[in-house]
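Participant: Let me begin by handing over the structure; questions about it come next.
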Amino acid sequence: MPLIRRVPKRGFNNARFTVRYVPVNVASLEEHFSEGAEVNPETMRKAGLANGPVKLIKILGDGELKKKFTVAAHAFSAAARVKIEALGGVCQVLVTAKAATGGKPEPKAQPVG
21 MPLIRRVPKR
31 GFNNARFTVR
41 YVPVNVASLE
51 EHFSEGAEVN
61 PETMRKAGLA
71 NGPVKLIKIL
81 GDGELKKKFT
91 VAAHAFSAAA
101 RVKIEALGGV
111 CQVLVTAKAA
121 TGGKPEPKAQ
131 PVG
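For the record, in the sequence shown the residue sitting at position 28 is 48 according to my numbering, with numbers rising by one throughout.
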């Protein structure tokens, strides 16, 4: 067997840098919240929709929506955005600290003087 096939393959793995979201469907919002409610990450966690160690929440468009909501989350699928806004609701995208700086570390303050 050639040497290149006997040597284990190692290399770069991007899994450490992936962005992970807790998925929440619009059908779950329909079940747990009343008409005109302001839905944010804190209220979703209190309702038991976004549990776990992952801090970011993404709203997905699975299910029917018949109530108007103001939803604040870190990401929205295209289908979820269409369903929420079709009923007159509002989608607010929350910006994380890493996204605000473009993934770069924040600049350090320069000493004066």
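Positions of the beta carbon are idealized from the N, C-alpha and C atoms, including for glycine.
For Y7, tell me which candidate among C111, L80, M21 and V110 has the shortest Cα-Cα distance.
Facilitator: Missing from the structure shown is residue 7; the chain here goes from 21 to 133 and no further.
Participant: Taking a contact to mean a Cβ-Cβ separation below 8 Å, would you say V115 touches T90 in this structure?
Facilitator: Translated into positions along the sequence shown, residue 115 becomes position 95. Translated into positions along the sequence shown, residue 90 becomes position 70. Result no, Cβ atoms of V115 and T90 do not sit closer than 8 Å.
Participant: Please report the Cβ distance between V46 and L85, rounded to the nearest whole angstrom; I am assuming they are in contact, meaning their Cβ atoms lie under 8 Å.
Facilitator: For the purposes of this step, residue 46 is identified with residue 26 of the sequence shown, where counting begins at 1. For the purposes of this step, residue 85 is identified with residue 65 of the sequence shown, where counting begins at 1. At roughly 5 Å, the Cβ-Cβ gap stays under 8 Å, so V46 and L85 are in contact.
Participant: Mark F32 as exposed unless 16 or more other C-beta atoms lie within 10 angstroms of its C-beta, in which case mark it buried.
Facilitator: Translated into positions along the sequence shown, residue 32 becomes position 12. Flag for F32 reads exposed.
Participant: Could you give the DSSP three-state label for F37: helix, strand or coil?
Facilitator: Here residue 37 corresponds to residue number 17 of the sequence shown, with the count starting at 1. Looking at F37 - three-state DSSP - the assignment turns out to be helix.
Participant: Give me whichever residues DSSP pairs with L80 in a beta bridge.
Facilitator: What you label residue 80 is simply residue 60 of the sequence shown in a count that begins at 1. Answer is N45, bridged to L80.
Participant: Taking the alpha carbon of K88 as the reference point, which residue from R30, P73, N71 and H52 has its own alpha carbon closest?
Facilitator: The residue given as residue 88 occupies position 68 in the sequence shown. Comparing Cα positions, the closest option is H52.
Participant: From E105 to F37, what does the alpha carbon distance come to, in whole angstroms?
Facilitator: As a working note, residue 105 is residue 85 in the sequence shown. As a working note, residue 37 is residue 17 in the sequence shown. Their backbone Cα atoms lie some 32 Å apart in a straight line.
Participant: Identify, in the order they occur along the chain, each residue of the same chain with its Cβ nearer than 8 Å to the Cβ of K78, setting aside the five sequence neighbours on each side.
Facilitator: The residue labelled residue 78 in the question sits at position 58 within the sequence shown. Contacts found: Y41, V42, P43, V44, A93, H94, A95, F96 and S97.
Participant: Please list, in chain order, all residues of the same chain as A11 whose beta carbon is under 7 Å from its beta carbon, the five residues on each side excluded.
Facilitator: The first residue shown for the chain is 21 and the last is 133, placing residue 11 beyond what the model contains.
Participant: Could you check what DSSP says for E55 in three-state terms: helix, strand or coil?
Facilitator: Against the sequence shown, residue 55 aligns to sequence position 35. Residue state, collapsed to three classes: coil.
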